[in-house]
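See structure below.
Protein chains: 2
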Amino acid sequence: MDQNARTSNPLIRKLEGFASLSDADRGLLERVSASARPIAAGTDLAREGEPPDGVYLIMDGMACRHKRSASGARQIMAYLVPGDLCDLDVALLDQMEHNITTLSDCSVVRITPEVVANLLEHHPAVARALRKSTLVDEATLREWLVNVGCRSADERIAHLLCELLLRLQVVGKATHDSFDLPVTQQDLADTTGLSSVHVNRTMQSLQRQEVIALAGTSLQILDLPRLKALAGFKPNYLHLGDRAAA
Amino acid sequence: MDQNARTSNPLIRKLEGFASLSDADRGLLERVSASARPIAAGTDLAREGEPPDGVYLIMDGMACRHKRSASGARQIMAYLVPGDLCDLDVALLDQMEHNITTLSDCSVVRITPEVVANLLEHHPAVARALRKSTLVDEATLREWLVNVGCRSADERIAHLLCELLLRLQVVGKATHDSFDLPVTQQDLADTTGLSSVHVNRTMQSLQRQEVIALAGTSLQILDLPRLKALAGFKPNYLHLGDRAAA
DNA sequence: CGAACTTTTGATATCACTCAAGGGACGTGG
DNA sequence: CCACGTCCCTTGAGTGATATCAAAAGTTCG
C-alpha cells in the first residue's frame, strides 16, 4: 500500500495514512480533487458572519483560519496545508465564526456539501479517513493552545516548525529537512501570540544556534533533534502512527 | 418546542437548540443518559497514551480536557459542563493524546461506541444535533486560543466567565446571573495561561469593581454588560441562535 | 525607479511571573 | 471537641520575558 502512497495527490497521501483505500476510493478522490483552481495570496475563502460556502480543500500553498479579537489583534488558529480540508460538517452552521484566508498563492478545490455527503455515506473507508483527519485537526488545535498557553517564545516557534515539517512531509511537500514557509513574521507572530519583533529575534537566535537556516521563504532544519528538544515536541497528537519516525 | 425544553436533562436541552427532536428522539436520549454514575472530583475519565474507552457524557458537575507540556506546565483545553460529551468519533483513534479529568464531583454516563454509532446512523435529527454540537466545541476551542493568544489577564478571565454563564444557562445550570464554579484558582490559571497568583489578583479586582461576587464556589455576575465589555465578548461562536439574548 | 511591505535594530516600558510566607478553611483522627 | 495536616487563597517584594515605539535597511514588484 505504500507504493500507492507515492501519488502526488496530497489528500490521498494523507488519507492513506488513516485508512486503507481501495483503487475505487483513490479514483474517486482523484476526481474530486481534480477541479483545483488557483487562488491568490490574501484571498478570503470564508468570512466571519457569512454562511459557509462548502468545504475547501487545499491542494497547494498555505491558508489559515483566523479571527480578530475585539481589541483588533489577529489570532491565527490553524494552518491549512496541502491535503487539508476544512470542517466536513460546516454546512450544518448558519454562520462562520472565523475567517479562512490564503497565506500564499494556493491551489484550492471547493467541494459542495452534496459531494461531501456522498463521500461520507457511500464510501466508508474514505469517511473513516476523513473523520480521523478531522480528529487530528482538533488535536492540533489543542496542541496550539498548549503552545500559546504554556511555552516560551523559543519553544513556541520551535514547536510550530517541528509540526509543519512533519505535516508537510506526510503529503510530500517537504524533503527530509526543509520546506517552504510562505508566511510573514507577522503571520508567525499572530500564530504564536508573540509580537513580530520578538518572532524576528527568536528566528535569528535559532539561526545563530545553527538549528535552522532561512533563505527567502525556504526553511531548512539543520538540527532536527535539537529543534525537537527545544520545543519539547511529542508528535503523538498528529496520530501518524509509524510515519512519525521522522 | 420550548415547553419541552423544560426537561432537566442537560443533553436534551442542549441538543434541542441545535435541531428539532421528536418525542422518540427525546425518549431515546433520556434512556441513554439514564445510566449516569457518580464520579469523584479528580478522577481521570481518559488518559493520554491509553486507548479511548467510549464517549463520556457529563450530566452534572464539571470536567476538563488537559495535558502537560514537556516542561511540566498543565494546560486545560476545554471545560466539560452538563450536557457536554466528548468526541463522537473518538473510537477511531488508537490513543488519547490528552487527558479528561473531573474537576468537581460529577455525574457521568459512559456511552459505548455501538450506541453512538446507532444514534448517528438511525436517528438523523439527533445525529445532526450531535455533529453541530461538536462543531461548537471546536469553535469554543478556537475562541480559547484567541483568549490566550490575544487578550490581557482581565479580558481572559472575564471572557471565560461570560462563556460559562451562557453555556450553563442553556442547560439550566445557571440562573439569570449566577452559577457554581467548582474549580480552584490554579485550574483557572491553567485554563487561561496565567499564574494562579495573577488569577487571584484579577478576580479580586473584578470583585472590587463590583462586576462579580464570589462566595465559596458560587459566582454571581453583578454587572453582565460590564463583564462582556471588559472581555470583548461576542457569543456568536457558541451558535446559540436566539438563545444568545442573555 | 518608486511605493509598499517586510525585516531588522535599539531603547524603553510593562504586564505578568516567581518566590516566599502567612492566613483561612476544611476534614480527619485522637 | 480540639489538634493537626493539607489544600487553597492571599499578600508583598523583586524580577524577567516580551511588548511597544520608532526608525533604518532590505525586498518585491509594477
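From first to last, the protein sequence lines stand for chains R and Y.
Just so you know, we're using the working numbering here: the first sequence kicks off at 474 and counts up by one.
Just so you know, we're using the working numbering here: the second sequence kicks off at 474 and counts up by one.
A virtual CB, placed ideally from N, CA and C, is assigned to each residue, including glycine.
Expressed to the nearest angstrom, what Euclidean distance is found between the alpha-carbon atoms of residue i and residue j?
i         : j         : result
Thr575(R) : Ala551(R) : 12 Å
Leu700(Y) : Leu561(R) : 35 Å
Pro655(Y) : Gly534(Y) : 8 Å
Cys623(Y) : Gln548(R) : 7 Å
His706(R) : Asp517(Y) : The sequence given here has Phe at residue 706(R), not His. Taking the straight line from one Cα to the other gives about 24 Å.
His632(Y) : Thr664(Y) : 12 Å
Ala719(Y) : Leu639(Y) : Reliability of the predicted coordinates at Ala719(Y) is poor, the pLDDT of 49 falling under 50, and no value is obtained from them.
Leu641(Y) : Leu566(R) : 21 Å
Leu697(R) : Asp627(R) : 15 Å
Gln476(Y) : Ala564(R) : With a pLDDT of 49 at Gln476(Y), under the threshold of 50, the predicted position of this residue should be treated as unreliable, and no value is reported.
Gly515(Y) : Ala704(R) : 29 Å
Ser495(R) : Gly527(Y) : 28 Å
Cys635(Y) : Ala662(Y) : 16 Å
Met569(Y) : Thr657(R) : 34 Å
Leu592(Y) : Leu608(Y) : 17 Å
Ile485(Y) : Leu502(Y) : 7 Å
Ser668(Y) : Ser542(Y) : 15 Å
Asn482(Y) : Ala590(Y) : 21 Å
Lys646(R) : Pro555(R) : 8 Å
Trp617(Y) : Val599(R) : 31 Å
Ala702(R) : Glu523(R) : 42 Å
Ser580(R) : Ala536(R) : 10 Å
Gln659(R) : Arg674(Y) : 32 Å
Ser506(Y) : Gln682(R) : 56 Å
Pro708(Y) : Thr613(Y) : 10 Å
Ser544(Y) : Gly500(R) : 45 Å
Val684(Y) : Cys559(Y) : 32 Å
Ala513(R) : Asp578(R) : 4 Å
Arg479(Y) : Val588(Y) : 25 Å
Ser493(R) : Arg504(R) : 18 Å
Met474(Y) : Asp650(Y) : Its pLDDT being 45, under 50, Met474(Y) is placed unreliably by the model, and the measurement read from it follows with that caveat. Whole-angstrom Cα-Cα distance: 25 Å.
Glu594(R) : Ala686(R) : 46 Å
Closest by CA to residue i, which one among the options?
i         : options                                    : result
Ala602(Y) : Asp557(Y), Leu637(Y), Leu639(Y)            : Asp557(Y)
Lys540(R) : Phe491(Y), Tyr710(Y), Ser481(Y)            : Tyr710(Y)
Asn572(R) : Ser544(R), Thr607(R), Glu521(R)            : Glu521(R)
Pro586(Y) : Leu695(Y), Gly689(Y), Leu530(Y), Ala704(Y) : Leu530(Y)
Val652(Y) : Gln658(Y), Gln659(Y), Val644(Y)            : One detail in the question is off: residue 652(Y) reads as Phe in this sequence, not Val. The shortest Cα separation from Phe652(Y) among Gln658(Y), Gln659(Y), Val644(Y) belongs to Val644(Y).
Arg508(R) : Arg583(R), Lys487(R), Asp498(R), Cys579(R) : Rather than Arg, the amino acid found at residue 508(R) in this sequence is Ser. Ranking Arg583(R), Lys487(R), Asp498(R), Cys579(R) by Cα distance to Ser508(R) puts Arg583(R) first.
Arg510(R) : Val589(R), Met532(R), Asp498(R)            : Met532(R)
Asp715(R) : Glu489(R), Glu594(R), Pro483(R), Ile512(R) : Glu489(R)
Thr648(R) : Arg499(R), Ser691(R), Asp610(R), Ser678(R) : Ser691(R)
Arg713(Y) : Cys559(Y), Ser606(Y), Ala497(Y)            : Note on identity: in this sequence residue 713(Y) is Leu, with Arg being the wrong assignment. Among Cys559(Y), Ser606(Y), Ala497(Y), the Cα nearest to that of Leu713(Y) belongs to Ser606(Y).
Ala497(R) : Lys487(R), Ala546(R), His596(R)            : His596(R)
Met676(R) : Gly500(R), Ala688(R), Asp660(R), Ile630(R) : Ile630(R)
Leu553(R) : Arg504(R), Pro525(R), Glu611(R), Val588(R) : Glu611(R)
Any idea which residues DSSP pairs residue i with across the strands?
i         : result
Arg547(Y) : Arg541(Y)
Asn572(Y) : His539(Y)
Leu558(R) : Leu530(R)
Tyr552(Y) : Cys537(Y)
Please give the ranges of any alpha helix (DSSP H) in the region 637-704 of chain Y, keeping only runs that are unbroken, at least 4 residues long and fully inside the region. 658-665, 669-681, 697-704
Using Cβ-Cβ distances below 7 Å, what residues of the region 588-620 of chain Y are close to chain R? Answer in chain order: Arg601, Arg604, Lys605, Leu608, Glu611, Ala612, Leu614, Arg615, Trp617, Leu618, Val619.
Please name the residues in the region 539-556 of chain Y whose beta-carbon is closer than 7 Å to at least one beta-carbon of chain R, in chain order. Cβ contacts with chain R: Lys540, Ser542, Ala543, Ser544, Ala546, Gln548, Met550.
What are the residues in the region 648-668 of chain R lying within 7 Å of chain Y by C-beta distance? Within the region 648-668 of chain R, the residues whose Cβ lies closer than 7 Å to any Cβ of chain Y are, in chain order, Gly666.
Could you tell me which uninterrupted beta strand (DSSP E) segments, each at least 3 residues in length, are contained entirely in the region 485-544 of chain Y, listed from first to last along the chain? 510-512, 517-519, 528-533, 536-541
Identify every run of the alpha helix (DSSP H) within the region 575-631 of chain R, keeping only runs that are complete inside it and at least 4 residues long; order them along the chain. 586-595, 597-623
When Cβ atoms are compared, which residues of the region 558-587 of chain Y fall closer than 8 Å to chain R? Asp560, Asp562, Val563, Leu565, Leu566, Asp567, Gln568, Glu570, His571
The region 515-537 of chain Y: which residues have C-beta closer than 7 Å to a C-beta of chain R, in chain order? Taken residue by residue, none of the region 515-537 of chain Y has a beta-carbon sitting less than 7 Å from a beta-carbon on chain R.
May I ask you to list, following chain order, the residues of the region 476-490 of chain R that have a beta carbon less than 9 Å from some beta carbon of chain Y? Listed by position, the residues of the region 476-490 of chain R near chain Y (Cβ gap below 9 Å) amount to none.
Determine which residues of the region 618-637 of chain Y have a Cβ less than 7 Å from any Cβ of chain R, and write them out in chain order. Leu618, Val619, Val621, Gly622, Cys623, Arg624
Interface residues of the region 705-718 of chain R facing chain Y [CB-CB below 9 Å]: Gly705, Phe706, Lys707, Asn709, Tyr710, Leu711, His712, Gly714
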